[in-house]
Amino acid sequence: MDAEQRLIGRDARFIAHQCINLSDLKLRSCYLIPASLDILFDGILKVKRLTLELCRGVNSSIAPRLARLPALHDLDITVHTQERGNGDWREDDMVLLLTRCRRLLSLKIFGPDLSHIHLLGLKRQSVSLGLVNLELVWTFISENALTVLLRKSPSLSSLILLHNASKNSTVQAIAQSSPRLQALGLRNSTSISTAAFDSLFKNHPTLIQLDLSRTLIHDAAVVMLAHSCCQLQDLNLSGCSRVTTAAFLKMVSMLGRLRTLRVSGCTKLKREAFVGLPPWASRDTLQELEMASVGIRAETEALDGVVHLLSSLKRLRQLCLDTAVSQHVAVFAFLKSSPEVCVARVDPVPNRC
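Those letters in the sequence shown? Residues 14 to 366, by the working numbering.
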């Protein structure tokens, strides 16, 4: 359902009566009133995946109604701007949501202010949550609440924390919990030290997917990443402007299972980072490479070494690079002879005074 109007009782009753076998429901830009939600949720007891996107009336008070959906295992809430205040999201409701939705495996919450939530009620209970995937975006969740969530979710394998002002203590909480973690996203976390990164990598050697884009990760942590997380398949370091060529070369010489590598915006990576010497350990597995807006000067540098690297990546299928680099004679010839490679060209953003 995609509507920008009030979901009145008649609409909710129609869905509840006609869609009793519904397993996947998405409500977008609706105005949901409590009476309509009661009617709706009493009739869609087989719903497994529920998405509530930018709907008025959706805040933590919806928790008791969600608990009436016995089959619900995937919940995705993008909060309307008028429902994001901390008064709209209450401690008891959040505890009820987590403990009463017993089959919930995946939870994504985008937008509400959860900085005042501590989940003390959950901490006091002996129950374990079944969460496998947890994604919190712009929630500013407190470190205490995150620690409780992680410790109560022994099966958690994917944790995405975007734009949550994550700090060293946040990373330490992750490092000490979630032993089965395979996917982690910490994009835009600019207050994390090398020591915190080291602890995180050492305690999660099974990571397969890692997003550290736009963090201030340093060379020492990048090398530790390569030493500790040798099973990585998807690594995003886009916008990590402190990573140098020397550390990058050590990293790619050790990570032998990479399928996707994103380093666009790593401005300290010079041409020498992309000549394939020493050989990249993932040259037989890498399928996607993003290397736009790095330190390659296509106008003045020879790029035969870059072509040598690209030619050595036998499974390369997607490539993102600067337009100027793609138009260099040597690179252009390689791309013309490699129709299997899908190329995205990026023009640099001009400086504006």
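For each residue, glycine too, the CB sits at the ideal point set by N, CA and C. Since the structure is predicted, the reported quantities are computational estimates derived from the model, not experimental observations.
Would you kindly work out how many angstroms separate the C-alpha atoms of residue i and residue j, rounded to a whole number?
i: R3; j: L225; result: No answer is possible for residue 3: it lies beyond the span of the chain, which begins at 14 and ends at 366.
i: R365; j: C253; result: Any reading at R365 must be qualified, since the residue scores a pLDDT of 39, below 50, and its modelled position is unreliable; no value is offered.
i: D297; j: M304; result: 18 Å
i: T94; j: G124; result: 8 Å
i: L332; j: E148; result: 28 Å
i: Q185; j: A346; result: 48 Å
i: L142; j: K165; result: 6 Å
i: C243; j: V150; result: 28 Å
i: P291; j: N72; result: 53 Å
i: V265; j: S325; result: 14 Å
i: K281; j: A343; result: 23 Å
i: N201; j: I90; result: 21 Å
i: I309; j: M237; result: 26 Å
i: I230; j: R255; result: 7 Å
i: L322; j: R328; result: 12 Å
Run through the DSSP bridge pairs and tell me what residue i is partnered with.
i: T9; result: Here the chain comprises residues numbered 14 to 366, so residue 9 is not present and cannot be evaluated.
i: T64; result: K39, D89
i: S170; result: Paired residue(s): none; S170 is not in a bridge.
i: V150; result: F123, L175
i: V359; result: D335
i: R69; result: Y44
i: D224; result: G198, N249
i: S204; result: K180
State the CB to CB distance for the pair residue i and residue j, rounded to an integer number of angstroms; the pair is presumed to be in contact (CB under 8 Å).
i: L299; j: L274; result: 6 Å
At a Cβ threshold of 8 Å, is residue i touching chain B?
i: G308; result: Note that chain B does not occur in the displayed structure, where there is just one protein chain.
Please classify residue i as buried or exposed, where buried requires at least 16 other C-beta atoms within 10 Å of its C-beta.
i: N177; result: buried
i: F96; result: Here residue 96 is Glu; the residue named in the question, Phe, does not match the sequence. Buried, because 16 or more other Cβ atoms sit within 10 Å of the Cβ of E96.
i: V276; result: buried
i: S350; result: exposed
i: N5; result: No answer is possible for residue 5: the residues shown for the chain start at 14 and end at 366.
i: L339; result: Here residue 339 is Ser; the residue named in the question, Leu, does not match the sequence. The residue in question, S339, is buried, as its Cβ has 16 or more Cβ neighbours within 10 Å.
i: L133; result: exposed
Give, in chain order, every unbroken run of the beta strand (DSSP E) that is at least 3 residues long and sits entirely within the segment 81-143. 87-92, 119-123
Which runs of the beta strand (DSSP E), 3 residues or longer, sit entirely within the segment 244-308? 247-249, 273-275, 301-303
With a floor of 4 residues, list each alpha helix (DSSP H) that falls wholly inside the segment 176-201, ordered by position along the chain. Segments of the alpha helix (DSSP H) lying fully in the segment 176-201: 181-188.
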